[in-house]
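Single-structure report; data block below.
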Amino acid sequence: MAILPIRIYGDPVLRKKCEPITEITPELRQLAKDMLETMYDAPGCGLAAPQIGKNIRLVVIDTAIPGEEDPRPYIMFNPEWEAEPDAKNVDYDEGCLSLPEIFCNVVRPDRVTVRFFDINGEAQEIHNCEGLFARCIQHECDHLNGDLFVDKISTSDRTMNQSKLRKMAKETQAKLKKK
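The number in my numbering is simply the position in the sequence shown, starting from 1, with 38 added.
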């Protein structure tokens with residue numbers, strides 16, 4: 039297993055729409071395990087492939103509280119979600135491993151169904167996902183479409199964080215040019 043470098047805001051890979059996975063290979067299974075290790079090390083509750091520089095539709099999620107609950111890792115290949123018919127839009131504070139130290143309220147449906155392929159290539163469907171798990175599914179799937187949570191924040195939150203975001207993007211661009 040390996041801890042992978044996490045891409046930071048301003049890296050163009052975070053804005054690309056990811057390609058579907060056509061075959062779950064041993065290499066992709068290992069990548070998913072490495073992503074889980076990276077997420078736990080960060081620490082975070084979700085990580086999408088673009089955040090480690092891969093343009094593929096893969097996310098890992100574990101919303102268990104460290105030290106209080108047993109881990110509940112999910113590896114999701116080609117995940118898709120839809121809001122439950124009676125879901126309500128709720129406002130909740132979000133952060134992101136690719137946007138360190140930025141936290142803003144984001145409105146999202148409170149309950150979703152998610153469909154994906156697991157690490158064994160088996161189709162899975164989970165109904166009535168709620169709470170942090172539902173939010174994390176939506177947040178990580180946004181990454182697969184090149185969207186970030188800061189794209190969904192209020193004008194006032196955007197104004198309040200604009201200088202931090204500019205600075206972060208500028209620093210990331212400078213680091214990328216050195217490579």
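Cβ atoms here follow ideal geometry from the backbone N, Cα and C, with glycine treated the same way.
Where DSSP assigns a beta bridge to Q211, which residues make up the other side?
-> One-based indexing of the sequence shown puts residue 211 at position 173. Paired residues: none, contrary to the question.
Take A207 and list the residues in its own chain whose beta-carbon comes closer than 8 Å to its own, dropping the five residues that flank it on each side.
-> Working through the sequence shown from its first residue, we reach residue 207 at position 169. These residues qualify, in order along the chain: Y47 and G48.
Does the distance from the CB of M39 to the CB of E65 come in under 7 Å?
-> Reading the sequence shown from its first residue, position 1 is the one you call residue 39. Reading the sequence shown from its first residue, position 27 is the one you call residue 65. No.
Can you grab the Cα-Cα spacing for the pair I140 / N199, in whole Å?
-> By 1-based counting over the sequence shown, the position of residue 140 is 102. By 1-based counting over the sequence shown, the position of residue 199 is 161. Cα to Cα, I140 sits roughly 7 Å from N199.
When we look at the beta-carbon of G82 and count the other beta-carbons within 10 Å, is it buried (16 or more) or exposed?
-> Indexing the sequence shown from 1 puts residue 82 at position 44. Buried, because 16 or more other Cβ atoms sit within 10 Å of the Cβ of G82.
What does a CB cutoff of less than 7 Å around E168 pick up in its chain, not counting 5 residues either side in sequence?
-> Here residue 168 refers to the residue found at position 130 of the sequence shown. Once the five neighbours on either side are set aside, the close Cβ partners of E168 are D148 and R149.
Cβ neighbours of C195 in the same chain (closer than 6 Å, five flanking residues each side left out) | On the sequence shown, position 157 is the one that residue 195 refers to. A small fix is needed here, since residue 195 is Asp in this sequence, not Cys. C142, listed in sequence order.
Could you work out which residue in F155, L42, V51 and G84 is closest to N183 when comparing CA atoms only?
-> For the purposes of this step, residue 183 is identified with residue 145 of the sequence shown, where counting begins at 1. Nearest C-alpha to N183: V51.
Check whether the Cβ atoms of F171 and E132 sit closer than 7 Å, and answer yes or no.
-> On the sequence shown, position 133 is the one that residue 171 refers to. On the sequence shown, position 94 is the one that residue 132 refers to. No. Outside cutoff.
Environment of N116 [buried if 16+ CB atoms lie within 10 Å] = What you label residue 116 is simply residue 78 of the sequence shown in a count that begins at 1. It counts as buried.
Beta-bridge pairing of E168 - partner residues as DSSP gives them | Locating residue 168 in the sequence shown gives position 130, counting from the first residue. In the DSSP output, where bridge partners are listed per residue, E168 has R149.
In angstroms, rounded to a whole number, what distance separates the CA positions of Q176 and K215?
-> Residue 176 sits at position 138 when you count from the first residue of the sequence shown. Residue 215 sits at position 177 when you count from the first residue of the sequence shown. Q176 and K215: Cα-Cα distance of roughly 32 Å.
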